[in-house]
Every structure is written in structure tokens, then in C-alpha cells.
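**Q** Residue numbers (full-length UniProt numbering): 1 to 745. First the structure, which I've put down as C-alpha cells, then a few questions once you've had a look.
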């Protein structure tokens, strides 16, 4: 039998417009998965996109667009959706939602006032009809469109509930407005429920507006990463220097990099020396000295000196491009945003519809005269009391209060999912630099082998020398010595030795400030006392700078990235809460273990690359743990996106903050403890809210259907159904507001 030859597939990412909930994402995945030629479809709800693996000749973009359009969504083909146009569409969508919300709110307020305060004014029903019609027909039209398209595929979501509740209230009210004599002739008062329809639409749109705004911010992480890259590169071709677009840089090109410029692509230095800030990749605050033969990474910053490099990885092969890909994949692999309400709705809606239909039939067949009137009232009352106002408010009100409470405590929470998940965490992965430590080099020790008078002069000279140096470590020395060096010293001579330090002369003495190589090359001896201290400081993973005077070293300066004051206490508190603390760093093992011991960390991983951090988080998740990642650098962004909860330091990079779900404004690890406590209380409140949201339905729906009528003669009036629904909403909001009074420190 001949072997079946698998057809080649490609992976394409498409933007999806119109998704409003997790069940929408599931529907898009399901529809695309059934398109011929599609092997898999994975929706990233936070980024409003879908990654599709498909046979390009069979499953064309047009076929996928048609499939998605059947259920009310739009698939945007990449060549029509560059990043700038996407940002414009997101902004337009946000403006449209905001405008619909404003219209709905402005028209709903007078309807509510007339219904509740001034029901007896002339033409009240007609005024409310005129005000409510635009709210339902225009502001709320998307609910009805999506509900209709979902119904065609025998499925339901929150839009179905909203459409049923508001539609039933509006149509019943409109009938009673146009034909009030119909019920009056049968001894019943023709009540109207316009306020129900109008207010529900306004409240739901309010929630949708906040959701759209949050989703717009979520995708900013990818845009910021893309913007880190350079637009052009200075390439040497045929002996001529040319500035070409970055997309035209080819492997093997020789590129010239000047001081202050970004490295355009990944490659290797062929000529020259420099100091390069690689913190955006490695997360380490101390720039790295580079010379011919050393590798350089695209988007890192050349601090000093010019050099030439050969391009080795360009386009999608660069490390920055790989980081972008990792962030996209990690975001897409997350569990969708809280599905509980949608799962409940998918069962709740059909049950409500069935109960309403059965009520109508039962009253039509066995009810007293006028049977049809009682049947309509019973069915409408069931739909009105089942309207999902409280259900729709149960989670967002608690989340909004919780997020506000977090902001009061310096904790910015991006979405509901992270706030709900935080209380389930059992592992915390923490970046070292800028998270546990300060994130910048500081002088920790200065040991002099001089008399007080000699020390004073030498300190002023060293200060003057380092003030002229371009090396990043020089700034730490300057900041430390400034208070001790009030006198301005004019050096007799000054010279910078790239990669080694600086030399100067003053008052007939020769001074050297730099590494051990600089001293050895200039025959400067290091006394045994200072050498013993150097060995001790080196074991503590500190960087050593020597100060030489004439023929002998007279001081050593130790520099390190020091631990934040609150880090040790915060890690201890997290461990007391039962969380295992893991520290990851791109730094060497000696430095990592020294910092880890001081901070009291459980597990230490050193020399970790950005991709390895994300893989480490993924491995912990595979073992069944709920993992939070805490970081501050661009190199942390893939791991922040991969984690169940990403937590960024507010003192870190914009990309890290955008990739994370929670940002600690003060950059204090102790706020993680506060965030977890806040999460526990918020989730508790959500559960209570869902109980109040449903208790009225569980009790009210049977009564609305008329189960008490045969025994007591009582049939629930629709106005009381609306009141019960409103009271359930008040209960939910009031319960959520209780969070404001609690302390989480």
C-alpha cells in the first residue's frame, strides 16, 4: 500500500474582531477547526487573534473568513492588517463602544426616573418608548445580532440572555403602549417595563467598554517589543557605506555601529571594541565589554566606541524576534479568561427558554380566562426575572472593587483572570536583577591602605578620574565618592584604556583606576592585605575595581547589585504562605548563589536565557503547579506571559509591565503578599455574588411560571419580577463594595 504523503502546512496568525467572551473564542476555534484543510486553531482572546495551522491551498483565508462570519465575527487577513492599522481599528472600536455607552446612559436615566418617580406624567409610556427604542435598536443591536447568529448554530451565550431579557421587556411594553385596551378589557393593567430594557443595555455596555479598554492595553506588549527593533542599518557594501532598511539586511553583511546606536541584528564583532548594554536581553544591569570575535545581539545598545560586525541572524531568526514569538505563544497558550458565567449561561439560557415556553403552554391550556393573557404574562415574567443583570454584574463589580483596592495599595491589576488565579498560586518564580536586587550597580565596600590625609587626596583624584570615564561602573563610584570629595581637582593628565580602566597624573603622582589587568600591565603591585580582602569580596560575587598610586595599589572598591531592603522579608512571608520561591537569573552561578542565600530563596537557577526562563515556568506548570513569574526586564517578558500570573516591577521596562497581568508600582516584593490576600477576598466575594445573582432566579422563576397559583391564587406580576431582578443587582453591588472597607496589608 502506498504511503500517504502529508500535505505541507503553514501557521498564520489572523486578527479576530467581535469577540466578547471566552465562549466566543471557543466558537471561533470550533468553526475554524471544521474548515477543510485546517489542522488546528488556537485563539488568543487577550490579543484578539487566532493562530491557524492549515494547508494554504485548501484552507484559504477567504474560506476561513466565511466560516467565522457565519457566527458573527470577522477574520482580518494579515496583508490587510499591519500593526498601525490594527491600532487604528482598536481605537475606533473603543470609541464606538464608548459612544454607544454614552447614548444608552443619557437615554436610560430619564426612562428610569419616569418609571420610578414620575409614572403619572402625561404620555409617560410614549416618552419612555421614544427614549428606549434607540437604546435597544442601536446601542444594543450587537447583542441581538450575535444572539441570532448563535441561535442558528444551536448555541447560546451572555448575548442570548441579554437579547431575550431586553427584547421581551421592550416588545411587551411596546405592545401595551400601542394597545393598552387589550389587557384593560380583560381586567388587567397594561404595565410597561422600558426601564428594564434600557438600563440593562447601558450596564452591559459599561462592562464591555472596560473589557475593550483592557484588551487594547494587553496587545501593547507585542507592539512595544516590535518597536524595540531598529528601522535601518549602516551596511558596508563594495567599500561604500549605505543606510538600508532593516528588512534588506542579509546574512554576511558587514554593519558599522557607532556609539549610542542600537545593534540592528544578531552577529559577531569583526573589528573594534566597545561596551554594550545587554540588559534588555540578559536583564543584567552591568554592560558587557566586547571585542573582535564576540557575539552581539540585535536591539542591544552600543554605549562606547565604534565597531564593525557581520550579520549572522536576521529577520525572524534574531533573538528579539524569538522573544516576540515566545510572548505571543505564551499568551495564546493561557487558559481563557474566567469562563464560569458563560458556562452557566450556556445551560441557563435553554432552561429559561424551555420554562418560558412551558409556562405559556400550560397557561394557554389549563389557565383561567383570559388564558392567552395569563400565558403571555407568565412567559414574559419568567424572561424578565431571568434577565442576567445581576449575573452580568456578579464578577465585574467584585473585580472592579478589587482592582481599585489594589491600586490604593500600589498594585495595578490588568485583568480579572489574574486576580482570580493569584490565590491559587503555589510557586513564585522571581528574577534577580531589579526584582530581588536594586537593578543597578552600587558601591558596597571601599578599603583604603592610606593615611587619612593621603586618603582624602586620593579620593578626590579617583572621583575626578571616574567623572571623566565613560564606563558604566564609573557612575557608581562617582555617586559613592561625591559626598567625600567636595574639592574640585584638576588632573594634570587623563587617559582612558578601553576595557581596563583609566589613568591620570596629579601633583606628581601616577593614578590608575580599573581592573587587575590594568595594574599588572603597569607594574602596580597589590599588597597582601588588599589581596585577601579582594578574595573575600570576590566570593560574595562583587565586582572589584583597584586604585593604584605610583607603584602600589592603595585601595579596592567593591561594586554589586544589592538586595532591596524588603526582599528578604517578602520572600520569608511568601514561604510562610506555603509558596515555593524560585530565583532565575542570567548572571553567573557564584553571583546567583550569593544573592539567593542572602534573600532566603528555595531554588536558584543561574545563567538562564530568556527562552529558558519561559521553559522553566512551563516545566513547573507541567508538574501541576500554579506559577507566578516576577520580573522587570524585557528578557523576562516570555516567562511573564507564560506564567499563570505575570507580575512586573513598576520600576522595570514598559514591555515587562505590558506582558504582565499585575504590576507592583513601588517595585516591592511585599506587595505580592498583599495581592494574594486581595485575590482570596475578591474570589470569595465573587462566589457570594453569584449566589445572590442566582437565588432570585431559583426562587423567582418557578413563582413567575405560576407554580403557586393552583394553591394560593398568586401569580407574580412582571413589575415585581423587574423589582426582584433590580434587588438582586443591588445585593451584588453592595456585597462587592464591602471589599473597600477591608485591609490587606
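Note that beta-carbon positions come from the ideal geometry of N, C-alpha and C, so glycine has one too.
What does the Cβ neighbour count give for residue 642, buried or exposed, with the cut at 16 atoms within 10 Å?
**A** Walking along the chain shown from the start, residue 642 turns up at place 642. When all chains shown are included, residue 642 counts as buried.
**Q** Along the chain, which unbroken stretches of the beta strand (DSSP E) at least 3 residues long are found entirely within the UniProt domain "HMA" (10-76)?
**A** Segments of the beta strand (DSSP E) lying fully in the UniProt domain "HMA" (10-76): 10-17, 38-44, 49-54 and 74-76.
**Q** Cutting at 7 Å between CB atoms, please list the residues of its own chain near residue 227, excluding the five before and the five after it.
**A** To locate residue 227, count along the chain shown from 1; it is residue 227. Nothing meets the Cβ criterion.
**Q** For residue 558, does the count of other Cβ atoms within 10 angstroms reach 16, so buried, or fall short, so exposed?
**A** Taking the chain shown and counting its residues from 1, one reaches residue 558 at position 558. Buried.
**Q** How is the alpha helix (DSSP H) around residue 650 delimited, first residue to last?
**A** Stepping through the chain shown from its first residue, residue 650 is reached at position 650. No alpha helix (DSSP H) contains residue 650, which DSSP labels as neither H nor E.
**Q** Hey, residue 235 and residue 254: beta-carbon distance below 8 Å or not?
**A** As a first step, residue 235 must be located in the chain shown, where it is residue number 235. As a first step, residue 254 must be located in the chain shown, where it is residue number 254. Yes, these two residues count as a Cβ contact at 8 Å.
**Q** Who does residue 244 pair with in a DSSP beta bridge?
**A** Reading the chain shown from its first residue, position 244 is the one you call residue 244. 233, per the DSSP bridge assignment.
**Q** In whole angstroms, what is the alpha-carbon distance linking residue 273 and residue 527?
**A** On the chain shown, position 273 is the one that residue 273 refers to. On the chain shown, position 527 is the one that residue 527 refers to. Near 31 Å, if we compare the C-alpha coordinates of residue 527 and residue 273.
**Q** Where are the alpha helix (DSSP H) runs, 4 residues long or more, that stay fully inside the stretch 514-564, in chain order?
**A** Counting only runs of 4 or more, we get 516-521 and 528-539.
**Q** May I ask you to list the residues that DSSP assigns as paired with residue 510?
**A** One-based indexing of the chain shown puts residue 510 at position 510. According to DSSP, which records beta bridges pairwise, residue 510 is partnered with 505.
**Q** Under the assumption that residue 747 contacts residue 382 (Cβ atoms under 8 Å), give the Cβ distance between them as a whole number of angstroms.
**A** Only positions 1 to 745 of the chain appear in the structure, and residue 747 is not among them; the question remains open.
**Q** Can you grab the Cα-Cα spacing for the pair residue 545 / residue 418, in whole Å?
**A** As a position in the chain shown, residue 545 is number 545, starting the count at 1. As a position in the chain shown, residue 418 is number 418, starting the count at 1. The straight-line gap from Cα to Cα measures roughly 44 Å.
**Q** Give the single residue among 249, 72 and 663 whose Cα lies nearest to the Cα of residue 159.
**A** The residue you call residue 159 lines up with position 159 of the chain shown. Per the Cα distances, 72.
**Q** Across the stretch 472-483 and the stretch 562-580, are there enough close Cβ pairs to call them in contact, namely three or more that are closer than 8 Å?
**A** Contact between the stretch 472-483 and the stretch 562-580 is absent, because fewer than three Cβ pairs lie under 8 Å.
**Q** DSSP on residue 307, reduced to helix/strand/coil?
**A** For the purposes of this step, residue 307 is identified with residue 307 of the chain shown, where counting begins at 1. Three-state result, residue 307: strand.
**Q** Give the DSSP bridge partners of residue 584, in chain order.
**A** The count along the chain shown starts at 1 and reaches residue 584 at position 584. Partner(s): 431 and 605.
**Q** In the DSSP assignment, the beta strand (DSSP E) including residue 577 goes from what residue to what residue?
**A** Here residue 577 refers to the residue found at position 577 when the chain shown is read from its first residue. Note, residue 577: premise wrong, no beta strand (DSSP E); not H, not E.
**Q** Helix, strand or coil: which one does DSSP assign to residue 93?
**A** Your numbering for residue 93 matches position 93 in the chain shown. Residue state, collapsed to three classes: helix.
**Q** Which two residues bound the contiguous beta strand (DSSP E) that contains residue 665?
**A** In the chain shown, the residue the question calls residue 665 occupies position 665. Per DSSP, residue 665 belongs to no beta strand (DSSP E) and is neither H nor E.
**Q** Going by C-alpha distance, which of 712, 499, 455 and 491 is nearest residue 481?
**A** Within the chain shown, the letter at position 481 stands for residue 481. The residue with the shortest Cα to Cα distance from residue 481 is 455.
**Q** Going by DSSP, what residues sit across from residue 697 in a beta bridge?
**A** On the chain shown, position 697 is the one that residue 697 refers to. Answer by DSSP bridge pairing: none, since residue 697 is not bridged.
**Q** When you compare only the Cα positions, how much space is there between residue 410 and residue 673?
**A** On the chain shown, position 410 is the one that residue 410 refers to. On the chain shown, position 673 is the one that residue 673 refers to. Spanning the two alpha carbons is a distance of roughly 12 Å.
**Q** Across the stretch 303-316 and the stretch 244-252, are there enough close Cβ pairs to call them in contact, namely three or more that are closer than 8 Å?
**A** Yes: at least three Cβ pairs fall under 8 Å.
**Q** What distance in whole Å lies between the Cβ atoms of residue 117 and residue 132, which are believed to be in contact at a cut-off of 8 Å?
**A** One-based indexing of the chain shown puts residue 132 at position 132. One-based indexing of the chain shown puts residue 117 at position 117. About 17 Å; that fails the 8 Å criterion.
**Q** Do you know whose CA, among 513, 430, 534 and 523, lies nearest residue 568's CA?
**A** Here residue 568 is taken as the residue at index 568 of the chain shown, counted from 1. Considering only alpha carbons, the answer is 430.
**Q** For residue 501, which residues from the same chain have a beta carbon less than 7 Å from its beta carbon, with the 5 sequence-adjacent residues on both sides left out?
**A** Reading the chain shown from its first residue, position 501 is the one you call residue 501. For residue 501, where only same-chain residues beyond five positions count, the Cβ hits under 7 Å are 512, 513, 514, 515 and 518.
**Q** Just checking my contact of residue 750 with residue 679 at CB under 8 Å: how many whole Å lie between their CB atoms?
**A** Since the displayed the chain opens at 1 and closes at 745, residue 750 lies outside it and no answer follows.
**Q** May I ask you to report which of helix, strand or coil DSSP gives residue 102?
**A** Taking the first residue of the chain shown as 1, we reach residue 102 at position 102. Residue 102: helix per DSSP, three-state reduction.
**Q** Can you check the stretch 170-199 for any alpha helix (DSSP H) of at least 4 residues that lies completely inside it and give the ranges in chain order?
**A** Counting whole runs of 4 or more residues, the stretch 170-199 contains the alpha helix (DSSP H) stretches 180-184.
**Q** What whole-angstrom Cβ distance do residue 40 and residue 53 have, given they're in contact under 8 Å?
**A** Against the chain shown, residue 40 aligns to sequence position 40. Against the chain shown, residue 53 aligns to sequence position 53. About 5 Å; that satisfies the 8 Å criterion.
**Q** Using 8 Å as the Cβ pair cut-off and three pairs as the minimum, do the stretch 580-591 and the stretch 607-619 touch?
**A** As far as the Cβ criterion goes, the stretch 580-591 touches the stretch 607-619, which means the pair count is three or higher.
**Q** What three-state label does DSSP hand residue 735 in the structure shown?
**A** Sequence index remark: in the chain shown, residue 735 carries index 735 (1-based). Note: residue 735 maps to helix in three-state DSSP.
**Q** Measuring alpha carbon to alpha carbon, tell me which residue in 469, 681, 422 and 440 is nearest residue 738.
**A** For the purposes of this step, residue 738 is taken as the residue at position 738 of the chain shown. Here the closest residue by C-alpha is 681.
**Q** Straight-line CA distance for residue 121 to residue 128?
**A** For this step, residue 121 is matched to residue 121 along the chain shown. For this step, residue 128 is matched to residue 128 along the chain shown. Computed Cα separation, rounded: 11 Å.
**Q** Going by beta carbon distance, what residues of the same chain come within less than 7 Å of residue 372, once the five residues before and after it are set aside?
**A** Here the question's residue 372 lines up with position 372 in the chain shown. Same-chain partners within the cutoff: 364.
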